[in-house]
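Student:
Number of protein chains: 2
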Amino acid sequence: MSDTHELGTHITLAHGNGGANMRALIDTLFARYLRNPLLDTRADAACIPDPQAELIVTCDGFTVQPLEFPGGDIGTLAIHGTINDLAVAGAIPGYLTLTAILEEGLETALLERVIKNMSLTARENNVAVITGDTKVVRRGEGSGIYLVTTGFGSRCPGQRLGIEQIQVGDSLLVSGPVGDHGIAVLLAREQFGLSGDVSSDAASVLALTQALSEYTGLRFMRDPTRGGLATVCHDISLATGLGVRLNEGAIPVAAAVRSVCDMLGYDPLFLACEGRVVAVIAAAQAEAALRHWQELPQGQQAAIIGTVTTDRHRVILETTLGGERLLPALEDDPLPRIC
Amino acid sequence: MSDTHELGTHITLAHGNGGANMRALIDTLFARYLRNPLLDTRADAACIPDPQAELIVTCDGFTVQPLEFPGGDIGTLAIHGTINDLAVAGAIPGYLTLTAILEEGLETALLERVIKNMSLTARENNVAVITGDTKVVRRGEGSGIYLVTTGFGSRCPGQRLGIEQIQVGDSLLVSGPVGDHGIAVLLAREQFGLSGDVSSDAASVLALTQALSEYTGLRFMRDPTRGGLATVCHDISLATGLGVRLNEGAIPVAAAVRSVCDMLGYDPLFLACEGRVVAVIAAAQAEAALRHWQELPQGQQAAIIGTVTTDRHRVILETTLGGERLLPALEDDPLPRIC
Chain W
423 MSDTHELGTH ITLAHGNGGA NMRALIDTLF ARYLRNPLLD TRADAACIPD PQAELIVTCD
483 GFTVQPLEFP GGDIGTLAIH GTINDLAVAG AIPGYLTLTA ILEEGLETAL LERVIKNMSL
543 TARENNVAVI TGDTKVVRRG EGSGIYLVTT GFGSRCPGQR LGIEQIQVGD SLLVSGPVGD
603 HGIAVLLARE QFGLSGDVSS DAASVLALTQ ALSEYTGLRF MRDPTRGGLA TVCHDISLAT
663 GLGVRLNEGA IPVAAAVRSV CDMLGYDPLF LACEGRVVAV IAAAQAEAAL RHWQELPQGQ
723 QAAIIGTVTT DRHRVILETT LGGERLLPAL EDDPLPRIC
Chain R
423 MSDTHELGTH ITLAHGNGGA NMRALIDTLF ARYLRNPLLD TRADAACIPD PQAELIVTCD
483 GFTVQPLEFP GGDIGTLAIH GTINDLAVAG AIPGYLTLTA ILEEGLETAL LERVIKNMSL
543 TARENNVAVI TGDTKVVRRG EGSGIYLVTT GFGSRCPGQR LGIEQIQVGD SLLVSGPVGD
603 HGIAVLLARE QFGLSGDVSS DAASVLALTQ ALSEYTGLRF MRDPTRGGLA TVCHDISLAT
663 GLGVRLNEGA IPVAAAVRSV CDMLGYDPLF LACEGRVVAV IAAAQAEAAL RHWQELPQGQ
723 QAAIIGTVTT DRHRVILETT LGGERLLPAL EDDPLPRIC
């Protein structure tokens, strides 16, 4: 049973005006599903109780199209994406804030599905939405739903991760196949008339990041979202002045992802993942860390995929054919609005 | 001298793709102006050092049209609005996160003005932007710039404010004239062919909220933004089950605001302010608090405007003509996209 009939079937500008209609939207959808002891929708602010000595903060905007796709929707993506940015920073996610920019004319039923899924995902992952804001923009000035989340977590004691910790000789690991999210969203757009059995990999990576928390040689982790694995390598190279050498044959790519990429001319190394981790770790600990990941359901296809080199500012791919090629920095956008 | 020529004159989808163009956008605009010791644009997360025992958090979306108006722009509005939500919660603002959703085709020069003004406003108000995110949406799926900020501040010790603290007999104060922001934005749209000498009141209210921090009878403060003063009164009435009685003659309204309202049929009590505070305080302390406010440059036109009554769920306006009328809850939107 839904109480959303009070709202009407579509969002109107009055749902964003601060008055009675906005109150109804907040009460019957946002507060109803996202209810928790810290969320007080009568207040414009919330209190984080007893913050740890070091609180890690991240923020993310989500503008994915379409709003729903195999393996997730814009709401679950927002929760997972925010959790993951905290997890790869070596933190345990705790709280989120949520701002929704809705477009006039949005179907209330679609919004309800998104909020409901978001609430399930938040609960599964032990995070609570503690304050929020809603704006409604005119028809044609949005595309249904944009979400912006800020996440807070407590840094795991003793863990000092940072891109500047990376050293020559370190190994690169990836926790699973790359590009699934990008291809799942692409196929959901149906603009290419293709269909396929690819689901987004969107998921929390917290179990993966926590699995490595005891490794003293762990330098840096990142979730390869926009720009994909190749862009994480370029970010490393740019920040450290070092190079990265990737072993193409070692990089896991699902067969279905590879065949769509071959057909359309995409490179899976540049496509977004939403549930994978790239970790840089001292070479001596790489094999142990890999086994640790492979024991987890999320890490069964994890692999050691490359090393950090002295090749100043170069990302080099050793191809399966035995050659090597320079991986360029991403310039044009292969797939806009992927997250 | 500007380095923004690297970016081109307009924002493209590639400025949001996670690659080299996005890096250029972040480095030459966001990081250049918003630089501070905690902002590391190579990371997706930031650390809040030594948080106080109670950290107050707020989030806000900004979709104002036009992006620039007399007295501010979407960037300064975002900073002021976030500071103000923290200030009225009894906190000292410290840090912000910033997410920008940009529309393909946005003029880079306009974006630069907005970011520059934002950086000046942040500095003036001792707040630092510590992490951010940028997304670019296709032409026609935004309206130039949407900003979303999350703000953090430390709660002033000993201050326990909350709408549930309000008691029958308490006085309502407002710190200055109402409706200036709403009318300034309205005139900037030029859709009515009117022009006028009204500037937005957008400003930090921290000095005003801090001025009342010693008053033990202070119950609740709010900045009357969307929905205006009348909506704050309705929120009070709804949350407490009590009534509010306003004295129309005591409510400060600038002459220019009143005349535009008269011409177009708006009620200034429902129009947004972005630099005013409504405070509810024990009647015995109201006069002293008022004098305290009036000593501040921001509070010269402050006034005691009403009282909390036992009139269950009713907001009543005692008119200047000696009658009284029920102020309805805001239903339709008098002015969409005001903040």
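Line by line, the protein sequences give chains W and R. At position 137 of the first sequence the residue is numbered 559 (this note's numbering), and the sequence of numbers has no breaks. At position 137 of the second sequence the residue is numbered 559 (this note's numbering), and the sequence of numbers has no breaks. Backbone N, C-alpha and C fix where the C-beta goes; we use that ideal spot for every residue, glycine too. Because the structure is a prediction, the values reported are computed rather than measured.
Alpha carbon to alpha carbon, how far is Lys538 (chain W) from Leu429 (chain W)?
Tutor: When rounded, the distance between both Cα atoms is 16 angstroms.
Student: Using the three-state DSSP reduction, which class does Glu534 (chain R) fall into: helix, strand or coil?
Tutor: If DSSP states are grouped into helix, strand and coil, Glu534 (chain R) belongs with the helices.
Student: In the structure shown, what three-state DSSP assignment does His714 (chain W) receive?
Tutor: DSSP places His714 (chain W) in helix when its eight states are reduced to three.
Student: Verify the CB distance criterion: does Met540 (chain W) have a CB-CB separation below 9 angstroms to chain R?
Tutor: It does not; no Cβ of chain R falls within 9 angstroms.
Student: Could you pull out every residue in the same chain whose Cβ sits closer than 7 angstroms to the Cβ of Ile523 (chain R), ignoring the five residues on either side in sequence?
Tutor: The answer, listed in chain order, is Lys557, Val559, Gly564 and Tyr568.
Student: According to DSSP, simplified to helix, strand and coil, what is Thr741 (chain W)?
Tutor: Reduced to three states, the DSSP call for Thr741 (chain W) is coil.
Student: Pull up the distance between the alpha-carbon of Asp754 (chain W) and that of His656 (chain W), whole angstroms please.
Tutor: Computed Cα separation, rounded: 15 angstroms.
Student: With DSSP run on the structure shown, which of helix, strand or coil describes His427 (chain W)?
Tutor: Since pLDDT at His427 (chain W) reaches only 49, below the 50 mark, its modelled position is unreliable, and the value read off the structure follows with that caveat. Helix, per DSSP.
Student: Since Asp507 (chain R) is in the alpha helix (DSSP H), which residue starts that stretch and which ends it?
Tutor: It spans Ile496 to Val510 - the alpha helix (DSSP H) in which Asp507 (chain R) sits, taken as one unbroken run.
Student: Less than 6 angstroms between C-beta atoms, sequence neighbours within five positions excluded: which residues of the same chain meet that for Glu476 (chain W)?
Tutor: The residues are Arg577.
Student: Just tell me which of R:Asn506, R:Leu634, R:Leu532 and R:Ile501 has its CA closest to the CA of Gln581 (chain R).
Tutor: Per the Cα distances, R:Leu634.
Student: Can you look up Thr371 (chain W) in the DSSP assignment and give me helix, strand or coil?
Tutor: Residue 371 (chain W) lies beyond the range of chain W shown here (423 to 761); nothing can be said about it.
Student: Got a sec? Which residues, its chain only, sit under 6 angstroms from Asn547 (chain W) by beta carbon, not counting five neighbours each side?
Tutor: Contacts found: Ile505 and Ser626.
Student: For the region 668-702 of chain R, list every residue whose C-beta sits within 9 angstroms of some C-beta in chain W, in sequence order.
Tutor: Within the region 668-702 of chain R, the qualifying residues are Phe692 and Ala694.
Student: For Arg680 (chain W) and Pro690 (chain W), I'd like the C-alpha separation in whole angstroms.
Tutor: Going from the Cα of Arg680 (chain W) to the Cα of Pro690 (chain W) covers about 7 angstroms.
Student: Just to confirm, is the Cβ distance from Ala468 (chain W) to Val549 (chain R) under 9 angstroms?
Tutor: No.
Student: Run through the region 642-669 of chain R for me and flag every whole beta strand (DSSP E) of 3 or more residues, listed as ranges in chain order.
Tutor: Those beta strand (DSSP E) runs which fall completely within the region 642-669 of chain R and span 3+ residues are 665-669.
Student: Give me the chain W residues within the contact set of Leu477 (chain R), using Cβ-Cβ distance strictly less than 8 angstroms, ordered along the chain.
Tutor: Per Cβ cutoff of 8 angstroms: Cys469, Ile470, Pro473 and Leu477.
Student: Using the beta-carbon of each residue, which ones in chain R are nearer than 7 angstroms to Thr653 (chain W)?
Tutor: Gly440 and Gly441, listed in chain order.
Student: According to DSSP, simplified to helix, strand and coil, what is Thr469 (chain R)?
Tutor: Before going further, note that residue 469 (chain R) is Cys rather than Thr in the sequence given. If DSSP states are grouped into helix, strand and coil, Cys469 (chain R) belongs with the strands.
Student: With C-beta atoms as the reference, is Arg648 (chain R) less than 9 angstroms away from Gln487 (chain R)?
Tutor: No, Cβ-Cβ distance for Arg648 (chain R) and Gln487 (chain R) is not below 9 angstroms.
Student: I need the straight-line Cα distance from Glu586 (chain R) to Thr631 (chain R), nearest angstrom please.
Tutor: If I take the Cα positions, the gap works out to 18 angstroms.
Student: Hey, could you find the ends of the beta strand (DSSP E) Gly516 (chain R) is sitting in?
Tutor: Ala513 to Glu525 is the extent of the beta strand (DSSP E) around Gly516 (chain R).
Student: Using the C-alpha atoms, what's the distance from Pro719 (chain R) back to Gln589 (chain R)?
Tutor: Their Cα atoms are separated by approximately 30 angstroms.
Student: Would you give the residue range spanned by the beta strand (DSSP E) that Gly604 (chain R) belongs to?
Tutor: Premise fails: Gly604 (chain R) lies in the alpha helix (DSSP H), Asp602 to Arg611, not in any beta strand (DSSP E).
Student: Return the first residue and the last residue of the alpha helix (DSSP H) that Cys683 (chain R) is part of.
Tutor: Counting along the chain, the alpha helix (DSSP H) containing Cys683 (chain R) begins and ends at Ala677 to Leu686.
Student: For Ala629 (chain R), report the span of its alpha helix (DSSP H) as first-last.
Tutor: Counting along the chain, the alpha helix (DSSP H) containing Ala629 (chain R) begins and ends at Leu628 to Ala633.
Student: Report the residues of the region 495-513 of chain W with a CB closer than 8 angstroms to any CB of chain R, ordered along the chain.
Tutor: Result list: Asp507, Leu508, Val510, Ala511 and Ala513.
Student: On the criterion of 16 or more Cβ atoms from any shown chain inside 10 Å, does Met685 (chain W) qualify as buried, or is it exposed?
Tutor: When all chains shown are included, Met685 (chain W) counts as exposed.
Student: Can you look up Arg560 (chain R) in the DSSP assignment and give me helix, strand or coil?
Tutor: Coil.
Student: Could you confirm whether any beta carbon from chain W is found closer than 9 angstroms to the beta carbon of Gly604 (chain R)?
Tutor: Taking Cβ atoms only, chain W never reaches closer than 9 angstroms to Gly604 (chain R), which makes this a no.
Student: Note down the Cα distance separating Ala704 (chain R) from Arg641 (chain R), rounded to an integer number of angstroms.
Tutor: The straight-line gap from Cα to Cα measures roughly 8 angstroms.
Student: By how many angstroms is the C-alpha of Thr731 (chain R) removed from the C-alpha of Asp623 (chain R)?
Tutor: Taking the straight line from one Cα to the other gives about 30 angstroms.
Student: Show which residues of chain C have a CB atom less than 7 angstroms away from the CB atom of Glu563 (chain W).
Tutor: Absent from the structure is chain C; the protein chains it does hold are W and R.
Student: When the Cα atoms are used, what is the spatial distance from Leu757 (chain W) to Ala511 (chain R)?
Tutor: Near 42 angstroms, if we compare the C-alpha coordinates of Ala511 (chain R) and Leu757 (chain W).
Student: Taking the straight line between their C-alpha atoms, what separation do you get for Asp607 (chain W) and Glu490 (chain W)?
Tutor: According to the sequence displayed, residue 607 (chain W) carries Val and not Asp. Taking the straight line from one Cα to the other gives about 9 angstroms.
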